[in-house]
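These notes are about the structure you will find just below.
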C-alpha cells in the first residue's frame, strides 16, 4: 500500500508570506505528526493530530498551526514566514497508538 | 532538560564488519524507542523498535539492545553494506494519551568503506 505522501516536495517563499503543507497518511492510519528538521536543531516535534484533534504539541510559536480532516489527511500552516523557518518539514503517520511512525519524504521549504 | 542523544556523530566501518551505534536517553519513564535511517534527500525510514519491557529485539541484520539501568540504547548492524551508509537516529516516544511525539537524538552518520 502507498506510504505517507507529502506535497509539495519543494517550496520557495518570501519572508512575511504564509505557506500550507499537506500530508496524506498511510491508508488506515489515524494519527499524523509533523516535524521540522534543520541542520542546527535536528528533528523537532511540532504537533500531532488524531481524529481531527490536536493531541500533542511541541514548543513552536503560534505561527505554526495544523489541522486534520475526517479522512485523516493533515495540513500545517506557517504564517508570517521568517528566514529561520527554512527547513525540511516531515510528517509521520501511525495507526493511532504508541506504535511505529512512518515518515513521508518531506517538504523542503526555503524562505528568502 | 531531558533529551535523547548520541555518543558518536560519525562512525566509519569497513564493508562486511559489524556496526554499533549508541544512544543515551534521560527520561526513565520512556517506554518506547525507535531507530530510524535517513538517506540524503529522503525522510527517516523506520528500522526497528523496542519497548521497555524488552532488553533485545532482532530484525533482518539489525539488533536493538536496551539497557534501562543505564538508560542506553544501541543499534547493531551485522555485515555492514555500502547501502547502510546514512544518518541513524534514535527516537523516544513521549506522547501523551498514548499518542505519537518523538524526541530525536542528534544522529550518527555511518560511513561504509568498500
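Chains as they are written, first to last, in my numbering: chain A, 1 to 112; chain B, 1 to 114.
The C-beta atom is built at its ideal place from N, Cα and C for all residues, glycine as well.
- Contact note: residue 100/A reaches chain B through 34, 46 and 49, using a C-beta cutoff of 8 Å and chain order.
- For residue 55/A, same chain residues with a beta-carbon under 6 Å away, outside a window of 5 residues either side, are 48 in chain order.
- Residues of chain A whose Cβ lies closer than 7 Å to the Cβ of residue 43/B are, in chain order, 90, 103, 104, 105 and 106.
- For residue 59/B, the nearest beta carbon of chain A is not closer than 9 Å to its own beta carbon.
- Residue 81/A carries a coil assignment under DSSP once its states are collapsed to helix, strand and coil.
- Residues of chain A with a Cβ closer than 9 Å to the Cβ of residue 102/B are, in chain order, 33, 35, 43, 45, 92 and 101.
- Under DSSP, residue 111/B forms a beta bridge with 12/B.
- In this structure, residue 99/A sits away from residue 10/A, with a CB-CB distance that is not shorter than 9 Å.
- With respect to chain B, the C-beta atom of residue 71/A has no partner C-beta closer than 9 Å.
- In this structure, the alpha-carbon of residue 24/A lies about 22 Å from that of residue 103/B.
- For residue 22/A against residue 44/A, the beta-carbon gap comes to about 20 Å, at or over 8 Å, which does not count as contact.
- Contact check for residue 69/A against residue 43/B fails: the beta carbons are separated by 9 Å or more.
- Contacts with chain A at 9 Å (Cβ-Cβ) do not include residue 27/B.
- Just so you know, the alpha carbons of residue 26/B and residue 12/A end up roughly 38 Å apart.
- The beta-carbon of residue 91/B is placed less than 9 Å from the nearest beta-carbon of chain A.
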